[in-house]
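Number 111 in my numbering belongs to position 60 of the sequence shown; there are no gaps in the numbering.
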Amino acid sequence: MKAQTVGRVLLGSAMVGAGVLHLTTQREEFRAQVPGWFPVDEDLTVLASGVVEIALGSAFVALPRHRRTVGALLAAFFVAIFPGNVAQYVEGTDAFGLDTDRARLVRLFFQPLLVLWALWAGGLLERFARRR
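1) In whole angstroms, give me the CA-to-CA distance for V99 and R181.
2) L114 by DSSP, collapsed to three states: which one?
3) For F111 versus G173, is the C-beta spacing smaller than 9 Å?
4) Is the Cβ-Cβ distance between V85 and V71 less than 9 Å?
5) State the CB to CB distance for the pair R153 and N136, rounded to an integer number of angstroms; the pair is presumed to be in contact (CB under 8 Å).
6) Quick check on the burial criterion: 16 or more other C-beta atoms within 10 angstroms. Buried or exposed for F81?
7) Locate the alpha helix (DSSP H) running through V85, then write down its first and last residues.
And the structure:
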């Protein structure tokens with residue numbers, strides 16, 4: 052199996068798992084990560100983002116012919132939720148064991164890696180490189 056395929060299945064599966072946790076046992080933790088300035092109810096935001104994560108993760112695994120589109124959507128999703136991660140750092144909100152400013156700051160550097168992972172696993176980085 053190609054490394055990209057393994058990466059796609061792993062990321063897609065992780066997204067499905069995270070989405071399920073949004074809807075079940077970790078719902079309260081995810082609510083704590085919704086920035087105070089976000090104009091939508093915390094619980095609705097957590098539920099909606101969980102559904103989106105399940106849909107994107109499932110599609111990434113089950114629809115390999117659409118991996119580029121889903122990879123781009125997944126990367127865009129990671130970019131879209133990044134302000135929430137920044138807010139967690141700025142507001143000093145504890146969630147998921149991120150209970151120090153250092154831990155919350157370090158987490159911020161992982162978001163670009165998720166974006167790159169989605170683009171790579173979706174075959175978009177390879178496609179971009181061939182065009183150059």
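Built from N, CA and C at the ideal position, the CB exists for glycine as well. Remember, it's a predicted structure, so these values are computed and weren't measured experimentally.
Taking the coordinates as given:
1) According to the sequence as given, residue 99 is Ala; it is not Val. Whole-angstrom Cα-Cα distance: 36 Å.
2) coil
3) yes
4) no
5) The pair is not a contact, with the Cβ atoms about 14 Å apart (cut-off 8 Å).
6) buried
7) V85 -> no alpha helix (DSSP H), and no H or E assigned at all.
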